[in-house]
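Residue numbers (our numbering), protein chains in the order written: chain A, 1 to 156; chain B, 1 to 156.
By construction, the Cβ of each residue, glycine as well, lies at the ideal position given by its N, Cα and C atoms.
Here you go:
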């Protein structure tokens, strides 16, 4: 599967989940280290004309989940990816489209993650995600840990 | 406004926000100390047949926000309520409808909150929310802080 196929598969995957399909999320970019998602404000606007807090968390959660999923695939592995915990700070109201970016946490390391997942069938990884304001400063940021668990191979 | 009117107004308020309208959230109960919300799994199901992480956070965020909003009203005040930060732990996958309950954090105190909001025009409050598994144990739990800011009165 080419990278482009992987990104299209990821978008289709998002769209297959009812609560995510209504979020109008698209992949805005991926460079191997960071995954960027876009969602229109109109689908996420709250009573104050800004982005709903739950939507901000959801888009960041999806971005970080998507990044882990892509890295699992790139390592040639097949695993379920789950979010384990997250901490979110809402810094400023967002009155524009949601632009989320997920990256590995500063202390993290993708090779250790892939090796652990290959050898033990299970690995944890810490990620950071943020949603920017139009001027580049931070609207909302999240630290979250994800767990990947290898799927049993279909043909033994 | 009677309590029943307040609860109906809260549901209408939820429904007025596009990202919340699609969540099919209803008020399941309110006793002054805890607000319970319900949302059907079918609107929140992910690729694994369980509730999507973003949905779990969104429903808990709405429950806690709704509880603060109701307490502001009961204190006879008019304020905007914002979520400031939250920490979520995903303990077990949920394969049933979402039943969320928000309560005041153990260290919190509604009278102090209302007095501070009345006197200073702004107050913070810490809440706990959880979503239960059908057996009563915890699927997901959240600690979050909310800020209320008094609206300028329309008629001076």
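Where residue i sits in the DSSP three-state scheme
i              : result
residue 60(A)  : helix
residue 75(B)  : coil
residue 69(A)  : helix
residue 52(B)  : coil
residue 156(B) : Below a pLDDT of 50, predicted positions are generally treated as unreliable, and residue 156(B), at 44, falls in that range; no measurement from the model is reported.
Cβ shell of residue i (< 6 Å), same chain only, five flanking positions each side left out
i              : result
residue 66(A)  : 10 and 35
residue 95(B)  : 50
residue 114(A) : 75
residue 82(B)  : 147
residue 2(A)   : none
residue 110(B) : 71
residue 88(A)  : 57 and 142
residue 60(B)  : 100, 129 and 142
residue 64(B)  : 102, 127, 129 and 144
residue 24(A)  : 39, 40 and 43
residue 153(B) : none
residue 131(B) : 56, 98, 100, 139 and 140
residue 156(A) : Its pLDDT being 44, under 50, residue 156(A) is placed unreliably by the model, and the measurement read from it follows with that caveat. Nothing meets the Cβ criterion.
residue 4(A)   : none
Extent of the continuous alpha helix (DSSP H) run through residue i
i             : result
residue 7(B)  : 3-15
residue 45(A) : First-last for residue 45(A): undefined, no H or E at that position.
residue 22(A) : Counting along the chain, residue 22(A) falls outside any alpha helix (DSSP H), and DSSP gives it neither H nor E.
7 Å CB neighbourhood of residue i in its chain, flanking five on each side removed
i              : result
residue 20(B)  : 14 and 62
residue 79(B)  : 72, 117, 148, 149, 150 and 151
residue 136(A) : none
residue 6(B)   : 70 and 73
residue 134(B) : 96
Close beta carbons around residue i, own chain, < 8 Å, minus the five adjacent residues each side
i              : result
residue 90(B)  : 53, 56, 139 and 140
residue 45(B)  : 51 and 52
residue 145(A) : 83, 84, 85, 86, 124, 125, 126 and 127
residue 48(B)  : 93
residue 18(A)  : none
residue 121(A) : 149 and 150
residue 26(B)  : 11, 37, 38 and 39
residue 28(B)  : 36, 37, 38 and 99
residue 158(A) : Coverage of chain A is limited to positions 1 through 156, which leaves residue 158(A) absent and any answer about it impossible.
residue 33(A)  : 103 and 104
residue 22(A)  : 43
Unbroken beta strand (DSSP E) run spanning residue i, endpoints
i              : result
residue 36(A)  : 34-39
residue 150(B) : 138-150
Identified DSSP bridge partners for residue i
i              : result
residue 133(B) : According to DSSP, which records beta bridges pairwise, residue 133(B) is partnered with nothing at all.
residue 122(B) : 149(B)
Below-9 Å beta-carbon distance, residue i vs any chain E residue
i             : result
residue 18(A) : Checking the listed chains, one finds no chain E in this structure; the protein chains it contains are A and B.
Any non-hydrogen atom of the ligand FMN closer than 8 Å to residue i Cβ
i              : result
residue 119(B) : Looking at this structure, you won't find the ligand FMN or any other ligand, since it has none at all.
Inset, instruction - Counting only runs of 3+ residues fully inside the stretch 72-117 of chain B, write out the beta strand (DSSP E) ranges in chain order. - result: Here the runs fully enclosed are 79-90 and 98-104.
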